[in-house]
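Worksheet: the structure to be examined is printed underneath.
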Ligand SMILES: [Zn+2]
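Residue numbers (our numbering): 163 to 587.
Now the structure itself:
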């Protein structure tokens, strides 16, 4: 619960993620109650904001309703970041039990400006299960974050809670899709086209019944088959392309080029009137060594946008909590790293530092994921949505973070810590 239920933020340079100019925002509990022009009437009302709040009304709110007023002095305010792929229970496990990554803690996300997460299992869907992931998701919700998760893991048949993917989608509130199911990877179940179609159909129908995203979130490995299964699945079935949502597409340069080509082809079919061709892709903000055959997520996003592919159909996620194993040619694990939520804001800051307009790149970190995952209160700063905000400094780095109406981070310091972080602090 917020320390005071009403907060008036004055004079923010608002990116909602569309640029709205100087704005005042009224936060009421966990929601954004009102967005209007700043400065007592300087800006005009638009679709995204109302006119200015008259001075006497503002004074009245403070005097009679106890509204807390905070001056932002023109600093940029953006929606809280959405991380659509994070291993909340900890991922990993390749290379032995010692490589099982510990669960993610609250402030790892909030310090990174991430206010919404979607948890996934991963390679280890044996010692980790959907019940544990749902519990981790609910735990983060209780700690003030917004959290959802996927049922299933890398393998088929998928690990579920109720026995079917459809059932999980329909019966479990926080489950919005299935994944990450691995394809083109030596760690996958080597699924056939028919198996993949059957699973995607479950996702689609479960999503329809429960009014959820119902996406099949697909982990792409380094395998030479690349996107072939997805391409065939879209071509041969009645399922909409958005059901097949691939991630890690920037992990190999050839895979990335294949993704651009497929996206362009589907876009062209869509333009010709073929139904269900709207395809969404996800890039991973993992570290890339200079000599590595991969693109960083910022480079991948710029290429996607520069190529003229749909700007609203690309997202970036952190893969945090997941292990970053290195394998030799025999499939033996020879090294291990861990994905970090900070890779997401670092990627955003890198894009801004390279001169990219904030409004051009921001949707990939905010609104696009909310739209794809059908999270109607997320991704945008407007009246009625959840009060999830980040304040940026001059360099585009996150300094202050509000999640569901509560300031979790001020001046770069976490002032709300997770349940078991307190004992370590
Ligand atoms: Zn993965």
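A virtual CB, placed ideally from N, CA and C, is assigned to each residue, including glycine.
Residue i beta carbon near ligand 1 (any heavy atom closer than 8 angstroms)
| i | result |
| --- | --- |
| residue 410 | yes |
| residue 481 | yes |
| residue 344 | yes |
| residue 255 | no |
| residue 284 | yes |
| residue 226 | no |
| residue 247 | yes |
| residue 339 | no |
| residue 407 | no |
| residue 484 | yes |
| residue 381 | yes |
Backbone CA spacing between residue i and residue j [nearest angstrom]
| i | j | result |
| --- | --- | --- |
| residue 535 | residue 224 | 37 angstroms |
| residue 339 | residue 361 | 11 angstroms |
| residue 579 | residue 430 | 48 angstroms |
| residue 517 | residue 424 | 28 angstroms |
| residue 181 | residue 210 | 9 angstroms |
| residue 352 | residue 388 | 12 angstroms |
| residue 568 | residue 532 | 20 angstroms |
| residue 323 | residue 315 | 12 angstroms |
| residue 526 | residue 411 | 14 angstroms |
| residue 215 | residue 200 | 8 angstroms |
| residue 208 | residue 520 | 20 angstroms |
| residue 488 | residue 310 | 29 angstroms |
| residue 446 | residue 212 | 37 angstroms |
| residue 246 | residue 399 | 26 angstroms |
| residue 293 | residue 249 | 14 angstroms |
| residue 453 | residue 414 | 12 angstroms |
| residue 372 | residue 171 | 36 angstroms |
| residue 354 | residue 318 | 10 angstroms |
| residue 253 | residue 368 | 26 angstroms |
| residue 522 | residue 556 | 17 angstroms |
| residue 449 | residue 513 | 15 angstroms |
| residue 378 | residue 231 | 44 angstroms |
| residue 444 | residue 243 | 14 angstroms |
| residue 397 | residue 276 | 36 angstroms |
| residue 350 | residue 433 | 34 angstroms |
| residue 584 | residue 308 | 20 angstroms |
DSSP bridge partner residues for residue i (one or two, in chain order)
| i | result |
| --- | --- |
| residue 157 | With the chain represented from 163 up to 587, any question about residue 157 goes unanswered, as that position is not in the structure. |
| residue 232 | 171 |
| residue 466 | Beta-bridge pairing links residue 466 to no other residue. |
| residue 489 | 495 |
| residue 500 | 485 |
| residue 445 | 478 |
| residue 199 | 185 |
| residue 177 | 181 |
| residue 562 | 553 |
| residue 245 | 279 |
| residue 576 | 571 |
Given residue i as reference, the closest of the options once Cα atoms are compared
| i | options | result |
| --- | --- | --- |
| residue 312 | 251, 441, 341 and 250 | 341 |
| residue 357 | 581, 381 and 391 | 391 |
| residue 566 | 188, 426, 399 and 469 | 188 |
| residue 549 | 196, 181, 440 and 294 | 196 |
| residue 530 | 451, 441 and 297 | 441 |
| residue 241 | 448, 506, 371 and 553 | 553 |
| residue 496 | 216, 256, 247 and 183 | 256 |
| residue 185 | 330, 191, 174 and 179 | 174 |
| residue 509 | 404, 263 and 457 | 457 |
| residue 330 | 375, 346 and 350 | 375 |
| residue 262 | 502, 545 and 484 | 484 |
| residue 463 | 573, 249, 574 and 524 | 524 |
| residue 235 | 502, 415, 176 and 251 | 176 |
| residue 406 | 385, 303 and 439 | 439 |
| residue 501 | 486, 384 and 512 | 486 |
| residue 178 | 551, 573, 460 and 394 | 551 |
| residue 320 | 273, 335, 298 and 282 | 282 |
| residue 260 | 274, 286 and 563 | 286 |
Neighbour-count burial assignment, residue i, 16 or more Cβ in a 10 Å radius
| i | result |
| --- | --- |
| residue 436 | exposed |
| residue 418 | buried |
| residue 288 | exposed |
| residue 366 | buried |
| residue 451 | exposed |
| residue 538 | exposed |
| residue 499 | exposed |
| residue 217 | exposed |
| residue 576 | buried |
| residue 581 | exposed |
| residue 192 | buried |
| residue 469 | exposed |
| residue 587 | With a pLDDT of 44 at residue 587, under the threshold of 50, the predicted position of this residue should be treated as unreliable, though the coordinate-derived value follows. With fewer than 16 Cβ atoms within 10 Å of its Cβ, residue 587 is classed as exposed. |
| residue 381 | buried |
beta-carbon residue i near ligand 3 non-hydrogen atom, thresh 8 angstroms
| i | result |
| --- | --- |
| residue 376 | Of the ligands this structure carries, namely ligand 1, none is ligand 3. |
Residue-chain proximity (residue i, chain B), Cβ-Cβ < 9 angstroms
| i | result |
| --- | --- |
| residue 506 | In the structure shown, chain B does not exist; there is a single protein chain. |
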